[in-house]
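So for the sequence shown, our numbering puts the first residue at 670; every next one is plus one. This report concerns only the one structure given below.
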Amino acid sequence: MKTTLFYFYSMKKELQLISKDKVKIIDTTIPIQDYLPITISSLNKDLSNFDISSSIAWESYISTFLKKNKATVAYGGYLEKRDIYKRSSHFNNDSNEERNIHLGIDLWCKAGTKVLAVSDGEIHSFKNNKNYGDYGPTIILKHVVDTFTFFSLYGHLSLESIQDIKEGQYIKKGEVIGYLGNNDVNGDYAPHLHFQLMKDMENYKGDYPGVCSEKDIDFYKENCMNPNLLLKLPNEI
């Protein structure tokens, strides 16, 4: 247990030291002043006003939310408990272990937005995860900083993002690795990036759980650190 806790806090410290500045993982021309935190948990009473099973309704809601607040990107969601996953059997194969706790940060913005590598690394794997409500096209990068290794996942991309790339391909920090997909390819969501960090890939390739059950939360909280340790977004919910 002591060894596990040491690694947990060591990883947190390493992530904080990778960059003392904010790290952008979408289009750098969007100023940080145009980012706005959002919650899509049951605490957000606006969600009772539309059909949360509809990606079209979600896109309309996000678009209205951004326009009303004069923002370009809505973000948040780490360890947020969400009802949206009830629409898909992909998250609810066992009714006793509903997966509804979000393990990454979402950045909601327009389809086609550039997606950038969070740090130097290489392409670990990629895949089109086609289940309803899944990631759609996904890229996972492997990063090694000194003796510290971690992985970053970018989900809900366009199909073009996973064409003409290969495992082991070197990627530089800030390099464009893909673009946000629309609801036809991204698992049937309003356009957004699911960004997640992992210390152990557990033999997954092109995929890693982005949502967990309450029963498994302790394990995933340890393995999937808060991405905001790198992004440093203000008031992340």
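Every residue gets a Cβ at the ideal spot worked out from N, C-alpha and C, and that includes glycine. Quick caveat, the model's predicted, so the values are computed rather than measured.
In the DSSP assignment, Leu810 falls within the beta strand (DSSP E) that extends over 805 to 814. Fewer than three pairs of CB atoms, one per stretch, sit closer than 8 Å, so the region 805 to 813 makes no contact with the region 707 to 722.
Of the candidates Asn713, His861, Lys884, Met894, Lys884 places its Cα closest to the Cα of Arg768. Nearest to Pro896 by alpha-carbon distance, out of Leu772, Ala740, Thr816, is Leu772. Taking the Cα positions, Val814 is about 34 Å away from Asn800. Bridge pairing for Ala743: Leu705, Trp777 [DSSP]. Under DSSP, Gln838 forms no beta bridge with any residue. If you draw a straight line from the Cα of Lys739 to the Cα of Asp703, it is about 7 Å long. Checking the DSSP bridge columns, you'll see Glu791 partnered with Lys811, Tyr839. Burial check for Gly837: the Cβ neighbour count within 10 Å stays below 16, so the residue is exposed.
Apart from sequence neighbours up to five positions away, the residues of its chain that approach Asn797 with a beta-carbon distance below 6 Å are Pro806, ordered along the chain. Secondary structure in the region 851 to 895: the alpha helix (DSSP H) runs of 4 residues or longer, each lying completely within the stretch, are 886 to 892 in chain order. Judged by DSSP secondary structure, Lys783 falls within the beta strand (DSSP E) whose first and last residues are 783 to 785.
DSSP, read as helix, strand or coil, puts Ile694 in coil. Within the model, the alpha-carbon separation for Asn872 versus Thr816 is close to 20 Å. Pairwise C-beta distances place the region 847 to 857 out of contact with the region 733 to 747, as fewer than three of them are shorter than 8 Å. About 6 Å separates the beta carbon of Val784 from that of Leu862, a gap short enough to meet the 8 Å contact definition.
In the structure shown, Ile731 adopts helical secondary structure according to DSSP, grouped into three states.
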